[in-house]
Amino acid sequence: MKQYFKRIILLFALVSWFNTLQAQTKEGFSIKGKIAGLKDTTVFLAHYFGYNQQVIKDTAIVDAEGKFHFQGNKALPEGLYLVALPKGRYLDIVIGNPEFSFETDTINLINKMKVVGSKENQLFFQFQQDMSAKFEKIKQLDAARKNKKDPNVEAAFKKAQDDITQFQKTWFTQNEGTLVAKLIKAAQEPDIPPFSKPLVTKADSMAFYQYQFTYYKSHYWDNFDLTDDRLMRSPFFQKKLERYFEDLTAQQADSISLEADKILAKTKSRDMRRYAIYKIASQYENPKILGTDGAFVHMAEKYYIGEPALWDTSTVRKMKERVAILKPLLLGKPFPDMYLTDTLGREIDIKRIPGDYTVVFIYDPECGHCRESAPKVQKMYQSLKSKNVRLIAASIERTPSKWKSFIKEFKFGDLINGIDIHKNPQTGKEEYYTDFKNAFDVYATPVVYVLDKDKKILAKRLPVEQIEDFIDFHRKQHANRIGK
Numbered sequence: 046m047k048q049y050f051k052r053i054i055l056l057f058a059l060v061s062w063f064n065t066l067q068a069q070t071k072e073g074f075s076i077k078g079k080i081a082g083l084k085d086t087t088v089f090l091a092h093y094f095g096y097n098q099q100v101i102k103d104t105a106i107v108d109a110e111g112k113f114h115f116q117g118n119k120a121l122p123e124g125l126y127l128v129a130l131p132k133g134r135y136l137d138i139v140i141g142n143p144e145f146s147f148e149t150d151t152i153n154l155i156n157k158m159k160v161v162g163s164k165e166n167q168l169f170f171q172f173q174q175d176m177s178a179k180f181e182k183i184k185q186l187d188a189a190r191k192n193k194k195d196p197n198v199e200a201a202f203k204k205a206q207d208d209i210t211q212f213q214k215t216w217f218t219q220n221e222g223t224l225v226a227k228l229i230k231a232a233q234e235p236d237i238p239p240f241s242k243p244l245v246t247k248a249d250s251m252a253f254y255q256y257q258f259t260y261y262k263s264h265y266w267d268n269f270d271l272t273d274d275r276l277m278r279s280p281f282f283q284k285k286l287e288r289y290f291e292d293l294t295a296q297q298a299d300s301i302s303l304e305a306d307k308i309l310a311k312t313k314s315r316d317m318r319r320y321a322i323y324k325i326a327s328q329y330e331n332p333k334i335l336g337t338d339g340a341f342v343h344m345a346e347k348y349y350i351g352e353p354a355l356w357d358t359s360t361v362r363k364m365k366e367r368v369a370i371l372k373p374l375l376l377g378k379p380f381p382d383m384y385l386t387d388t389l390g391r392e393i394d395i396k397r398i399p400g401d402y403t404v405v406f407i408y409d410p411e412c413g414h415c416r417e418s419a420p421k422v423q424k425m426y427q428s429l430k431s432k433n434v435r436l437i438a439a440s441i442e443r444t445p446s447k448w449k450s451f452i453k454e455f456k457f458g459d460l461i462n463g464i465d466i467h468k469n470p471q472t473g474k475e476e477y478y479t480d481f482k483n484a485f486d487v488y489a490t491p492v493v494y495v496l497d498k499d500k501k502i503l504a505k506r507l508p509v510e511q512i513e514d515f516i517d518f519h520r521k522q523h524a525n526r527i528g529k
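Numbering (the numbering used here) for the sequence shown: 46 to 529.
Below you can see the structure in the form of structure tokens.
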């Protein structure tokens, strides 16, 4: 049970508009169930919202005979729902018409299912029962062909495979336009036609793999109707989005942005569109792969800030604030001014510090993670220095005693140590000029930036352990480009 409902509350960008999906009508719903082997417990009716989120719509008490009744005076939005049972078991049902009944058995929830009053669910369970029988036959034939080489068994196995393919084609043709057909089709992969050339050479093999990839990607969304909100209430849309961007899209901000634009150009439905925007954007705000946060900025500017009618004012405001922080810090941008003074009170001008690369280590002297990273920074510094790399350690803490104690404890004396304390020559008072949180996106420490010789951002939020390897790799790549 817990695995289905631990994430019912959606993030802020979804909460504000989710209630619009639940419009009240005069109809309501009434779903009666009976499950043999189940008694004296509670069951839940919920719809999918992605594969890892479910939204509970009703609860029901199961009596001693296994009977229960979901009912309400608000219409249920159509889509794929689940009836959550004890011990983590669940049963998928299709909500199209609002009133029907079903009966099954815990021995085999699918094969024992009988539905009254819902053509969609009758089709849904009959399809599963037929496919189950066909796959069982395939399984038996596969075991037989592995145990003994028999041309007759091999032929029967091939015929059983072809039978499944033909059965599905016929079924989809006969049930075209039904919600259950759309749902089942949405979960299917595109069929890739045979490659036209024999695979003789290595070049042929490469062309074959390129053909498969290109065809698969270009037809990836063929079976999924991006205009139908009902498919949003299924586990399929989120899975397809994630796979498309993780496995089929180059992990570069421009490529991600281009593919997002293509999908959203087809997604006209208001709610499906908002869901797609949210899922894509949220994946790249704090990305796993360096530099892909540029895709988040693109999404935020074009689809949040650029389409304010889709969102509440709070969401648009937060996106504007986030873009204002992240956009100046994208890879290739000049490193913003960081106003620091050294241990003697002299101004540090980062732009004038010579070196092929500059590493900026932003820390808090009392931060546990910073204290864990500091010995690693100190240890690598001599190696970095020999490669013409300079290292700036910038403290966000403005207490000189804590700052200097940290420098002494971790032997940072050879580094360029900076703090944001400036003495006003007229008043003699201390002044602070650097907003680390908003100018450098420092919401937790430590934060590492790597700059090139022109002080443009090459990397950010790089783990300390990866600094030297990253610089070596970048230097090699740069040398290869020059060589060409």
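All residues carry an ideal CB built from backbone N, CA and C; glycine is no exception.
Cβ neighbours of leucine 335 in the same chain (closer than 7 Å, five flanking residues each side left out): Here residue 335 corresponds to residue number 290 of the sequence shown, with the count starting at 1. The residues are Ala504.
Where valine 493 sits in the DSSP three-state scheme: Taking the first residue of the sequence shown as 1, we reach residue 493 at position 448. Of the three classes helix, strand and coil, the one that applies to valine 493 here is strand, per DSSP.
For isoleucine 461, the three-state DSSP class (helix, strand or coil): As a first step, residue 461 must be located in the sequence shown, where it is residue number 416. Strand, per DSSP.
Rounded C-alpha distance that separates glutamate 346 from methionine 317: Mapped onto the sequence shown, residue 346 falls at position 301. Mapped onto the sequence shown, residue 317 falls at position 272. Their Cα atoms are separated by approximately 19 Å.
Bridge-paired residues (DSSP) for alanine 295: Start at 1 with the first residue of the sequence shown, and residue 295 comes out as number 250. Bridge partners of alanine 295: none, in fact.
Buried or exposed by the 16-neighbour rule on C-beta atoms within 10 Å, applied to phenylalanine 258: For the purposes of this step, residue 258 is identified with residue 213 of the sequence shown, where counting begins at 1. Residue burial annotation: phenylalanine 258 is exposed, with fewer than 16 other C-beta atoms found within 10 angstroms of its C-beta.
As assigned by DSSP and simplified to three states, the class of valine 225: Within the sequence shown, residue 225 is the residue found at index 180, counting from 1. The answer is helix: DSSP assigns valine 225 an H, G or I state.
Continuous alpha helix (DSSP H) stretch holding lysine 546: start and end: What the structure shows of the chain is the stretch from 46 to 529, and residue 546 is not part of that stretch, so it cannot be assessed.
N- and C-terminal bounds of the beta strand (DSSP E) containing serine 75: Working through the sequence shown from its first residue, we reach residue 75 at position 30. For serine 75, the uninterrupted beta strand (DSSP E) segment begins and ends at 74 to 81.
Residue environment, glutamine 293, which counts as buried when at least 16 other CB atoms sit within 10 Å: Here the question's residue 293 lines up with position 248 in the sequence shown. The identity of residue 293 in the sequence shown is leucine, whereas the question assumes glutamine. Leucine 293 should be labelled exposed.
Cβ-based neighbour list, alanine 295, same chain, cut-off 7 Å, excluding 5 preceding and 5 following: For the purposes of this step, residue 295 is identified with residue 250 of the sequence shown, where counting begins at 1. There are no such residues.
Three-state secondary structure (DSSP) of glycine 141: Along the sequence shown, one-based indexing puts residue 141 at 96. DSSP places glycine 141 in the coil class of the three-state scheme, outside both helix and strand.
DSSP three-state assignment for arginine 278, whether helix, strand or coil: For this step, residue 278 is matched to residue 233 along the sequence shown. The DSSP-derived three-state label of arginine 278 is coil.
Residue nearest to threonine 388 in terms of C-alpha spacing, selected from Ile464, Gln233, Arg319: For this step, residue 388 is matched to residue 343 along the sequence shown. The option with the nearest alpha carbon to threonine 388 is Ile464.
Residue interval of the beta strand (DSSP E) (run including phenylalanine 89): For this step, residue 89 is matched to residue 44 along the sequence shown. In the DSSP assignment, phenylalanine 89 falls within the unbroken beta strand (DSSP E) covering 86 to 93.
Touching by the beta-carbon criterion (3+ pairs, under 8 Å), the region 345 to 365 and the region 392 to 402: Too few Cβ pairs lie closer than 8 Å, so no.
Where the beta strand (DSSP E) through arginine 443 begins and ends: Residue mapping note: residue 443 aligns to position 398 of the sequence shown, counting from 1. Neither: arginine 443 is in no beta strand (DSSP E) and is coded neither H nor E.
According to DSSP, residues forming a beta bridge with phenylalanine 113: Within the sequence shown, the letter at position 68 stands for residue 113. Note: phenylalanine 113 is bridge-paired with Gly78 in the DSSP secondary-structure output.
Length of the line joining the Cα atoms of isoleucine 516 and tyrosine 402: Here the question's residue 516 lines up with position 471 in the sequence shown. Here the question's residue 402 lines up with position 357 in the sequence shown. When rounded, the distance between both Cα atoms is 8 Å.
Residues sharing a beta bridge with tyrosine 435, DSSP: Walking along the sequence shown from the start, residue 435 turns up at place 390. In the sequence on display, residue 435 carries arginine and not tyrosine. DSSP output for arginine 435 lists Thr403 as bridge partner(s).
Inter-stretch contact (C-beta, 8 Å, three-pair minimum) for the region 269 to 282 and the region 226 to 237: The region 269 to 282 vs the region 226 to 237: in contact.
Glutamine 116 and serine 163 closer than 7 Å at C-beta: Indexing the sequence shown from 1 puts residue 116 at position 71. Indexing the sequence shown from 1 puts residue 163 at position 118. Glutamine 116 is not a Cβ neighbour of serine 163, given a cutoff of 7 Å.
Pairwise C-alpha distance: aspartate 338 and tyrosine 135: Walking along the sequence shown from the start, residue 135 turns up at place 90. Walking along the sequence shown from the start, residue 338 turns up at place 293. Cα-Cα distance, rounded: 38 Å.
Euclidean distance between Cα positions of histidine 343 and lysine 193: Within the sequence shown, residue 343 is the residue found at index 298, counting from 1. Within the sequence shown, residue 193 is the residue found at index 148, counting from 1. One alpha carbon belongs to histidine 343, the other to lysine 193, and they sit about 58 Å apart.
For leucine 127, the residue or residues it bridges with in DSSP: Within the sequence shown, numbered from 1, the residue matching residue 127 stands at position 82. Per DSSP, the beta-bridge partners of leucine 127 are Ala91, Asp137.
Three-state secondary structure assigned by DSSP to tyrosine 96: Position 51 of the sequence shown, counting from 1, holds the residue named residue 96. Correct three-state label for tyrosine 96: coil.
Inter-stretch contact (C-beta, 8 Å, three-pair minimum) for the region 150 to 164 and the region 179 to 188: Taking 8 Å as the limit for Cβ pairs, the verdict is that the region 179 to 188 does not touch the region 150 to 164.
Neighbourhood of glycine 458 by C-beta, 8 Å cutoff - its chain only, sequence neighbours within 5 removed: Taking the sequence shown and counting its residues from 1, the one referred to as residue 458 is at position 413. Ile452, listed in sequence order.
Supposed contact pair phenylalanine 455 and isoleucine 407 - C-beta distance, whole angstroms, cut 8 Å: The count along the sequence shown starts at 1 and reaches residue 407 at position 362. The count along the sequence shown starts at 1 and reaches residue 455 at position 410. Phenylalanine 455 and isoleucine 407 do not touch by the CB rule: their CB atoms are close to 15 Å apart, not below 8 Å.
Beta-carbon gap between lysine 284 and tyrosine 93 smaller than 7 Å: Locating residue 284 in the sequence shown gives position 239, counting from the first residue. Locating residue 93 in the sequence shown gives position 48, counting from the first residue. No, the pair does not count as a contact, with Cβ atoms beyond the cut-off.
C-alpha distance - serine 279 paired with aspartate 137, whole-angstrom precision: As a working note, residue 279 is residue 234 in the sequence shown. As a working note, residue 137 is residue 92 in the sequence shown. C-alpha of serine 279 to C-alpha of aspartate 137: approximately 10 Å in a straight line.
Threonine 149 and isoleucine 106 closer than 7 Å at C-beta: Reading the sequence shown from its first residue, position 104 is the one you call residue 149. Reading the sequence shown from its first residue, position 61 is the one you call residue 106. No, these two residues do not count as a Cβ contact at 7 Å.
Neighbourhood of isoleucine 152 by C-beta distance below 8 Å, restricted to the same chain and skipping five residues each side: Translated into positions along the sequence shown, residue 152 becomes position 107. Setting aside the 5 residues that flank it on each side, isoleucine 152 is surrounded in the same chain by Ala81, Gly82, each with a C-beta closer than 8 Å to its C-beta; the list follows chain order.
Same chain only: Cβ atoms within 6 Å of alanine 68, ignoring 5 sequence neighbours per side: Here residue 68 refers to the residue found at position 23 of the sequence shown. With a pLDDT of 41 at alanine 68, under the threshold of 50, the modelled position of this residue cannot be trusted; read the value that follows with caution. If we look at alanine 68 and ignore the five residues flanking it on each side, it has no Cβ neighbours.
Segment contact, 8 Å Cβ cut-off, at least three pairs: the region 490 to 503 with the region 373 to 390: The region 490 to 503 vs the region 373 to 390: in contact.
Cα-Cα separation between lysine 132 and glycine 111, rounded to whole angstroms: Walking along the sequence shown from the start, residue 132 turns up at place 87. Walking along the sequence shown from the start, residue 111 turns up at place 66. Just so you know, the alpha carbons of lysine 132 and glycine 111 end up roughly 16 Å apart.
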